[in-house]
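To start, the structure itself, in structure tokens.
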Ligand SMILES: Nc1nc2c(ncn2[C@@H]2O[C@H](COP(=O)(O)OP(=O)(O)OP(=O)(O)O)[C@@H](O)[C@H]2O)c(=O)[nH]1
Ligand SMILES: [Mg+2]
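In the working numbering, the protein residues as written are 178 to 328.
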């Protein structure tokens, strides 16, 4: 599997997505530090929100094959500046999370991710499971088991 690093504001849904992709039971767990595993690097939202910590994300991206910008479908504003994808020398994908939420505005989140510079965008709900297989398929490499989950 390609290694995916997730970035996004606090409560964007990064950890919940990590749990869902791994097939774990979903439970709230505030991310306090960068969690590193073989296939997913989960980062605290503060690294995205606090300007000076953003540089650490750019450096940490070297550890990943793909960086995923996670924006929840009900976020009231975008914390990312335009064309942010050029700050890392890895492929950057967009992930709209929480598409099951009643207040979801998927079109708005999509516009923000495109403004960030994302050309490939996934739409997921960690609760219903919608869209998760698309991400798993995208991370899969030759030789990976057909049902492999990033653990
Ligand atoms: N309805 C719905 N709620 C979600 C979804 N994903 C996450 N949530 C909820 O959003 C809240 C925040 O989710 P987290 O995954 O902890 O967010 P995070 O981006 O890891 O946040 P930090 O660790 O603080 O950076 C939790 O209460 C989740 O249950 C989703 O797909 N659908
Ligand atoms: Mg988290």
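Here a beta-carbon is modelled for each residue, glycine too, at the ideal position from N, C-alpha and C.
These numbers come from a predicted model, not from an experiment.
Closest to residue 236 by CA distance: which of 258, 187, 257 and 218 is it? 218
Exposed or buried, residue 246, counting other C-beta atoms within 10 Å across all chains shown (16 or more means buried)? Counting Cβ neighbours within 10 Å, residue 246 comes out buried, since at least 16 surround it.
Should residue 191 be counted as a contact of ligand 2 given a C-beta to heavy atom distance under 6 Å? yes
Rounded straight-line distance, which links the Cα of residue 264 to that of residue 190: 22 Å
May I have the straight-line CA-CA distance separating residue 313 from residue 267, to the nearest angstrom? Residue 313 and residue 267 have their C-alpha atoms some 18 Å from each other.
Mind checking whether residue 281 and residue 251 have CB atoms under 7 Å apart? yes
Enclosing alpha helix (DSSP H) for residue 231 [first to last residue]: 228-237
With a threshold of 16 other CB atoms inside 10 Å of the CB of residue 186, please say whether the residue is buried or exposed. buried
Does the pairing of the region 279-298 with the region 200-214 give three or more beta-carbon distances under 8 Å? Short answer: they don't touch.
C-alpha distance - residue 205 paired with residue 232, whole-angstrom precision: 27 Å
Quick check for students: name the residue ranges of the beta strand (DSSP E) that lie wholly in the region 275-305, counting only runs of 3 or more. 298-300
Alpha carbon to alpha carbon, what distance is there between residue 224 and residue 188? 12 Å
Taking 6 Å as the cut-off, is the CB of residue 208 close to at least one heavy atom of ligand 2? Distance from the C-beta of residue 208 to the nearest heavy atom of ligand 2 is below 6 Å.
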